[in-house]
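To start, the structure itself, in structure tokens.
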Amino acid sequence: MSELIYFDSNATTKTAPEVVEAMLPFFSERYGNPSSMYPFGGETAREIRLAREKTAALLGCDPREIIFTSCGTESDNTAIWSALRTQPDRRHLVTSRVEHQAILSNLPLLRKMGYRVTEVGVDENGRLLWDQFLEALTPDTALATFLWANNETGVVFPVAEMAEACAERGIAFHTDAVQAVGKIPINLSATKIDLLSISGHKYHAPKGVGALYVRRGLKFSPFLIGGHQENGRRGGTENVPYIVGAGRAAELALANLADENTRVRALRDKLEKGLISAVTHTRLNGGGAERVPNTTNISFEYVEGEAILLHLAGKGLCASSGSACTSGSLEPSHVLRAMGVPFTAAHGSIRLSLSVHNTEAEVDRALSIFPPIIAKLRAMSPFWRGDGPAPGSLLTCETGACQVCDP
Amino acid sequence: MWDYTEKVKEHFENPRNVGVVDRIDGDGQVGSLACGDALRLTLQVDRGADRIEDARFQTFGCASAIASSSALTEMIKGKTLDEALRVTNQDIADFLGGLPREKMHCSVLGREALEAAVANYRGVPLPAANSPIVCECFGVTEREIERVARENRLTTAEDVTAYTKAGGGCGRCAAEIEKILARLADRGSEAAPQAAPAPGGTGRKLTFLQKARLIEEAIREEIAPALMHDGGDIELVDIVGDEVQVTLKGACAACPSSKRTLADFVTGKLREMVSENITVKEVRP
Chain A
0 MSELIYFDSN
10 ATTKTAPEVV
20 EAMLPFFSER
30 YGNPSSMYPF
40 GGETAREIRL
50 AREKTAALLG
60 CDPREIIFTS
70 CGTESDNTAI
80 WSALRTQPDR
90 RHLVTSRVEH
100 QAILSNLPLL
110 RKMGYRVTEV
120 GVDENGRLLW
130 DQFLEALTPD
140 TALATFLWAN
150 NETGVVFPVA
160 EMAEACAERG
170 IAFHTDAVQA
180 VGKIPINLSA
190 TKIDLLSISG
200 HKYHAPKGVG
210 ALYVRRGLKF
220 SPFLIGGHQE
230 NGRRGGTENV
240 PYIVGAGRAA
250 ELALANLADE
260 NTRVRALRDK
270 LEKGLISAVT
280 HTRLNGGGAE
290 RVPNTTNISF
300 EYVEGEAILL
310 HLAGKGLCAS
320 SGSACTSGSL
330 EPSHVLRAMG
340 VPFTAAHGSI
350 RLSLSVHNTE
360 AEVDRALSIF
370 PPIIAKLRAM
380 SPFWRGDGPA
390 PGSLLTCETG
400 ACQVCDP
Chain B
0 MWDYTEKVKE
10 HFENPRNVGV
20 VDRIDGDGQV
30 GSLACGDALR
40 LTLQVDRGAD
50 RIEDARFQTF
60 GCASAIASSS
70 ALTEMIKGKT
80 LDEALRVTNQ
90 DIADFLGGLP
100 REKMHCSVLG
110 REALEAAVAN
120 YRGVPLPAAN
130 SPIVCECFGV
140 TEREIERVAR
150 ENRLTTAEDV
160 TAYTKAGGGC
170 GRCAAEIEKI
180 LARLADRGSE
190 AAPQAAPAPG
200 GTGRKLTFLQ
210 KARLIEEAIR
220 EEIAPALMHD
230 GGDIELVDIV
240 GDEVQVTLKG
250 ACAACPSSKR
260 TLADFVTGKL
270 REMVSENITV
280 KEVRP
């Protein structure tokens with residue numbers, strides 16, 4: 000395999016060398032428990048405090064508003080269940096149709112427990128349907144929870160305005176900012192956001208550490224019940240090396256924010272424009288909306304995503320797809336479907352997500368890797384002939400009875 | 000990431016027989032762009048010998064769909080149509096050294112394309128065409144589900160989804176799929192009250208009535224539709240002990256290979272679905 004081109008930073012990122020270096024002493028040398036009464040342990044509590052300050056600086060909040068967790072999913076779950084437990088008289092939750100599984104997978108359980116859930120839709124560019132959002136907010140609503148930036152398309156929701164609308168109505172607002180942090184400026188002190196989730200491994204900390212912002216004064220109920228750690232808000236001995244790593248990564252992310260928004264954005268734009276001009280019959284998903292600077296989602300029509308990914312992998316290029324075949328489910332990405340992307344394009348969708356560690360040379364190589372792969376797959380596709388879609392091709396199956404052919 | 004065998008990867012990287020045959024004698028198109036995989040199989044047939052001279056495919060789909068299509072063409076080239084029709088989806092998966100369970104529907108797609116191409120060559124309708132749709136999301140018929148479940152000995156709705164996609168969309172047909180599986184299981188246990196091994200197992204004690212019912216069902220559900228594929232038909236005349244007496248009709252009656260059809264196919268199916276002791280005798284109407 001040729002040298003790796005990693006364009007899948009929305010899946011996970013490389014742990015930055017500076018982060019690894021910061022973490023290393025806390026495994027075999029400074030391994031004391033922060034709760035211990037002797038300096039060998041107690042001094043690590045100071046390191047956690049520093050990491051909390053660095054994380055708070057990245058988010059523009061008070062360090063006391065940060066709870067360290069194990070991952071973004073834990074942060075999301077904590078936010079949802081805390082909001083419900085602290086407001087037992089409210090039985091309604093508002094979210095969107097394009098959320099991450101960390102939120103979506105809670106919904107069937109909530110419904111089973113008797114909660115009402117409203118899933119607000121999006122337009123063809125993945126933008127929130129604002130009127131639908133406002134209509135969903137009721138006096139019975141315990142929590143509104145929305146992605147800040149979508150993991151598949153990079154489309155950004157106007158969470159500051161949304162939190163404002165919720166605050167006016169006395170409704171708690173949570174945002175999963177896992178794909179936003181480090182990519183766009185976040186200043187929580189200037190917003191009405193009550194709860195916010197982040198995950199370390201999306202901004203060059205290792206997998207296994209996340210954080211939840213809880214606005215001061217907000218009623219809170221812990222998800223992991225145990226010791227007094229994290230000010231009694233998250234039981235369990237602190238994961239010292241990883242929290243230290245998350246702190247260092249937050250520091251780097253803040254320093255790299257300008258680069259992310261200029262150089263990385265330019266790389267993404269070059270990649271996106273280059274692919275769309277080099278390959279015919281493509282579709283830019285979410286291109287008409289405000290997006291984080293590192294993500295692009297392109298459908299290559301008449302070919303299937305998993306086949307593209309495997310050929311890309313053969314050339315050393317790592318990416319993701321919203322096709323059915325890559326998910327193990329049989330239907331393509333719920334995000335693309337909510338945007339009304341036709342199934343025919345959703346199956347051939349590819350997500351490319353960059354980071355500050357990518358280079359222009361990699362973008363140039365990617366631009367030469369893609370076209371022959373798409374051409375090869377189209378050449379063997381029954382829906383393709385010569386330079387375009389096969390005329391009168393079999394767009395419907397022989398029964399013609401499925402919901403797509405005959406809705 | 001899927002755990003594909005080296006053989007799957009190899010056929011995906013270097014697919015054999017891509018394209019369309021020079022002279023299209025049989026053309027089978029299954030799946031759809033919307034469903035996420037589609038396969039067109041074209042056959043060039045030596046009409047005298049009823050033998051597949053060339054087979055080529057065009058596939059829209061994932062790596063396992065492309066590899067299954069490539070494998071299928073390699074397996075059927077040079078075979079007579081009857082021999083080719085005996086290729087099962089499991090044969091395709093075996094040829095590739097196995098497929099992930101969730102990808103078994105790719106092998107089923109291959110087998111369906113083959114049947115469609117042969118039916119197109121012979122100018123007969125597909126037997127599944129008149130069966131009611133169970134899964135509306137993916138347009139899967141009751142007959143397809145029954146057949147794939149029986150041939151692959153599937154016992155759970157998840158397996159049915161992995162092999163046919165049925166139930167993998169909105170999930171509304173889950174109860175219907177369970178019903179089909181329960182019906183298949185009932186047939187099995189009715190015939191074998193002492194928990195015999197899977198369908199067609201050996202050493203089952205059948206009452207005459209049970210045996211007669213199973214024979215009737217095998218002929219009605221499996222054997223007759225397959226022969227109708229070839230423009231023929233079969234009628235059950237009598238059952239004497241383990242001897243099943245049948246009459247062949249239509250194209251089968253005049254077909255020189257009918258004796259082999261009987262020996263190989265009818266006997267095989269009855270032994271598989273009823274009892275290993277079955278013999279078949281052709282009687283004049």
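As they're listed, the protein sequences go chains A and B.
Taking numbering that gives the first Met the number 0, the leading residue of the first sequence gets 0, the next gets one more, and so forth.
Taking numbering that gives the first Met the number 0, the leading residue of the second sequence gets 0, the next gets one more, and so forth.
From the three backbone atoms N, C-alpha and C, an ideal C-beta is built for every residue, glycine too.
As the structure is a prediction and not an experimental result, all values here were calculated from the model.
The Cβ atoms of A:Ser95 and A:Glu118 sit closer than 8 Å to each other. Taking a C-beta cut-off of 9 Å against chain A, the contacting residues of the segment 57 to 70 of chain B are Gln57, Thr58, Phe59, Gly60, Cys61, Ala62, Ser63, Ala64, Ile65, Ser68, listed in chain order. Counting the other CB atoms within 10 Å of its CB gives B:Met0 a total below 16, which places it among the exposed residues. Taking 8 Å as the CB threshold, B:Arg142 stays off the interface with chain A. Distance between B:Cys172 and B:Ala92, taken at the CA atoms: about 27 Å.
One Cα belongs to B:Leu38, the other to B:Gly27, and the distance between them is close to 8 Å. Under the 8 Å criterion on CB atoms, A:Met36 is classed as non-interfacial with respect to chain B.
With at least 16 other beta carbons inside 10 angstroms of its own, A:Met338 counts as buried. With a 10 Å radius around the Cβ and a threshold of 16 neighbouring Cβ atoms, A:Gln178 comes out buried. Shown here for A:Gly40: same chain residues with a beta carbon closer than 8 Å to its own, the five before and five after excluded, namely Gly31, Asn32, Pro33, Ser34 in chain order. Secondary structure within the segment 140 to 168 of chain B: the alpha helix (DSSP H) runs of 4 or more consecutive residues, fully enclosed, are 141 to 150, 156 to 163 (chain order).
DSSP places A:Arg364 in the uninterrupted alpha helix (DSSP H) bounded by 359 to 378.
Burial check for B:Ala48: the Cβ neighbour count within 10 Å stays below 16, so the residue is exposed. The continuous beta strand (DSSP E) containing A:Tyr212 extends over residues 209 to 213. The Cβ-Cβ distance between A:Ile297 and A:Thr279 does not fall below 8 Å.
Put simply, of A:Ala164, A:Gly199, A:Tyr202 the residue whose alpha carbon is nearest the alpha carbon of A:Thr190 is A:Ala164. Ranked by Cα distance from B:Gly168, the first of A:Gly216, A:His173, A:Lys269, A:Pro331 is A:Pro331. Chain-ordered listing is empty here: chain A has no CB closer than 8 Å to the CB of B:Lys6, the nearest sitting near 15 Å. At a cut-off of 8 Å between C-beta atoms, A:Thr343 counts as an interface residue with respect to chain B. A:Met22 is a Cβ neighbour of A:Val243, given a cutoff of 8 Å. When the beta-carbon positions are compared, B:Val133 and B:Ala161 stay at least 8 Å from each other. Interface residue (Cβ-Cβ distance to chain B less than 8 Å): A:Glu73 is not classified as such.
The alpha helix (DSSP H) runs of length 4 or more contained entirely in the segment 203 to 286 of chain A are, from start to end of the chain, 228 to 231, 239 to 258, 264 to 277. Contact with chain B is absent for A:Pro107, since none of that chain's Cβ atoms lies less than 8 Å from the residue's Cβ. Under the DSSP assignment, A:Arg48 falls in the alpha helix (DSSP H) whose first and last residues are 38 to 58. Cα atoms of A:Asp258 and A:Val355: separation of roughly 7 Å, rounded to the nearest angstrom.
Between A:Pro388 and A:Phe382, the gap from beta carbon to beta carbon is short of 8 Å. A:Ser196 carries a strand assignment under DSSP once its states are collapsed to helix, strand and coil. Against chain B, a Cβ distance below 9 Å from A:Tyr30 picks out nothing, because the smallest value is about 34 Å.
If you check the CB distance, A:Arg247 and A:Glu52 do not come in under 8 Å. Distance between B:Thr163 and B:Glu143, taken at the CA atoms: about 8 Å. Out of A:Trp129, A:Ser188, A:Ile307, the CA that lies nearest to the CA of A:Arg377 is found in A:Ile307. Of all alpha-carbon atoms in B:Ser67, B:Lys76, B:His10, the one lying nearest the alpha-carbon of B:Val20 is that of B:Lys76.
In the structure shown, the three-state DSSP call for A:Val355 is coil. In the structure shown, B:Gln89 falls within a helical segment according to DSSP collapsed to helix, strand and coil.
If you ignore the 5 residues before and after B:Leu183, its C-beta comes within less than 7 Å of the C-beta of Glu145, Ala148, Arg149, all in its own chain and listed in chain order.
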